[in-house]
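In my numbering, the protein residues as written are 1 to 391. No residue lacks a Cβ here, since even glycine has one placed at the ideal position from N, Cα and C.
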Ligand code: AMP
Ligand code: MG
């Protein structure tokens, strides 16, 4: 049995290549990983830009009355330079006219009977953004390896990258194992349950914008399981199996991995839930034997499979972690393993939820985060600060 931190290192170190790259439409780029630095092809703003709806003037004329020369809409080029005691009405985002160095908010002005305009307050900010204030031509705006979220996509669009180069998606295969499993559309027989893991894993992968291939349920015979695994390894870069990895009479996965020549990197991790987790490498393919219980499968996917898949796509993935106080005391019976516990964040505090263990999939619907409890710690006191990972 190895420590979680060692398992994570083994998984990450196993990735010695990155996926090849492709150019894709910006429309489909959410959650893809950038394969090339992006530099700006322009200054932002590309011209001195009004930050307000108002009047563009020379600041030194602030206390005077101004003659209005023209109205400048966004997207329109000003025609008249601003001279002494002159102004142009200007809209937010429009180009400043020559000679102007200040925009007076429309709410801080009044129109006079003689058609001139004056300032009604004591002082003002300049209310315009100089050319290149945010970004200059050739500035590095997005780094290779960036996981593209909406705000990154906005930047790519602003600097003209409508088809960014990204890493190809990892092809991930999902297999369930177990004679007790039936698919969700069926009514389980007396000794059966529905397959929930496969759909959970598919959804976890879809959240990463990885398109999984689902290979169905392998029956608990060496032959059936070997057949499905062989097909999945053939067609995928990563294979995620669930079930069949514990110590039962029909838990063949470690043996099948051996027979197929999969180099097993670990078979057990000192985490809870998810101890019986197998990770193996076959040539340039990666295979996880995830625990059958759905909460364990969820957890091991998040803490180990996800970083592996991201690394293959050129992204050094680190979940956003925060530290929050416990709303009440929490005790666990054994403290020999690092524990990951589903919890609820509410009012800035961590609330343990009713959780019966790794088969209690219904508990997870209440949870919006996980906390980790270090090896050797069995009590978390009220108010104690804990490490939290949002889900
Ligand atoms: P195993 O690792 O195959 O011994 O499975 C451990 C537990 O997880 C057993 O109670 C299984 O019935 C359950 N289990 C295995 N696979 C799934 C699945 N795909 N969906 C829901 N429960 C499962
Ligand atoms: Mg099983």
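- At a Cβ-Cβ threshold of 9 Å, residue 73 and residue 94 count as neighbours.
- Taking C-beta separations shorter than 6 Å and ignoring five residues to either side along the sequence, the partners of residue 293 in its chain run 358 and 359, following chain order.
- When DSSP states are grouped into helix, strand and coil, residue 77 belongs to the coil group.
- Annotation: the continuous alpha helix (DSSP H) that includes residue 151 extends over 150-158.
- Contact between the stretch 23-31 and the stretch 75-94 is not established, with fewer than three Cβ pairs separated by less than 8 Å.
- Residue 222 and residue 179 have their C-alpha atoms spaced approximately 12 Å apart.
- Relative to ligand 1, the nearest heavy atom lies less than 8 Å away from the CB of residue 181.
- Within the DSSP secondary-structure output, residue 391 pairs in no beta bridge.
- For residue 269, the shortest separation between its Cβ and any heavy atom of ligand 1 does not lie below 8 Å.
- Listed in chain order, the non-local C-beta contacts of residue 59 below 6 Å within the same chain comprise 101 and 102, local neighbours out to five positions each way being set aside.
- Residues of the same chain with a CB within less than 8 Å of the CB of residue 120, apart from the 5 flanking positions on each side, are 108, 109 and 110 in chain order.
- Non-local C-beta neighbours of residue 153 in its own chain, meaning closer than 7 Å and more than five positions away in sequence, comprise 26, 29 and 30, ordered along the chain.
- In the DSSP assignment, the residues bridged to residue 338 are 271.
- As a beta-bridge residue in DSSP terms, residue 44 pairs with 135.
- Cβ atoms of residue 257 and residue 287 come within 8 Å of each other, at about 7 Å.
- When the Cα atoms are used, residue 313 and residue 210 turn out to be separated by approximately 10 Å.
- In the three-state reduction of the DSSP assignment, residue 92 falls in the coil class.
- Between the stretch 122-133 and the stretch 33-49 there are three or more C-beta pairs closer than 8 Å, enough to call the two in contact.
- In this structure residue 272 is buried. Its beta-carbon is surrounded by 16 or more other beta-carbon atoms within 10 angstroms.
- The secondary-structure analysis by DSSP pairs residue 257 with nothing; it has no beta-bridge partner.
- The alpha helix (DSSP H) runs of length 4 or more contained entirely in the stretch 183-223 are, from start to end of the chain, 197-207.
- Of all C-beta pairs linking the stretch 247-266 to the stretch 314-334, fewer than three are shorter than 8 Å, placing the two stretches out of contact.
- By the Cβ neighbour-count rule, residue 138 is exposed, with fewer than 16 other Cβ atoms within 10 Å of its own.
- A Cβ-Cβ contact shorter than 9 Å links residue 349 with residue 325.
- For residue 197, the shortest C-beta to heavy atom distance toward ligand 1 is below 8 Å.
- A distance below 8 Å between beta-carbons, with the five flanking residues on each side excluded, links residue 96 to the following residues of its chain, in chain order: 47, 48, 49, 50, 56, 78, 90, 103 and 128.
- Comparing C-alpha distances from residue 323 to each of 386, 329 and 262 shows the shortest one belongs to 386.
- Contact between residue 262 and residue 280 holds, with the beta-carbon distance rounding to 4 Å and staying under 8 Å.
- Proximity of the beta carbon of residue 177 to ligand 1 is indicated: a heavy atom of the ligand is located closer than 8 Å.
- Counting only residues of its own chain and dropping the five nearest sequence neighbours on each side, residue 54 has a CB closer than 6 Å to the CB of 103, 104, 105 and 106.
- By the CB criterion at 9 Å, residue 171 and residue 228 fall outside the cutoff.
- Membership of residue 372 in the beta strand (DSSP E) is indicated by the continuous run 369-373.
- Here the distance from the Cβ of residue 249 to the nearest heavy atom of ligand 2 is not below 8 Å.
- For residue 38, the closest of 76, 141, 122 and 64 by C-alpha to C-alpha distance is 141.
- Between residue 126 and residue 64, the CB-CB gap reaches or exceeds 9 Å.
- Residue 23 and residue 144 have their C-alpha atoms roughly 14 Å apart.
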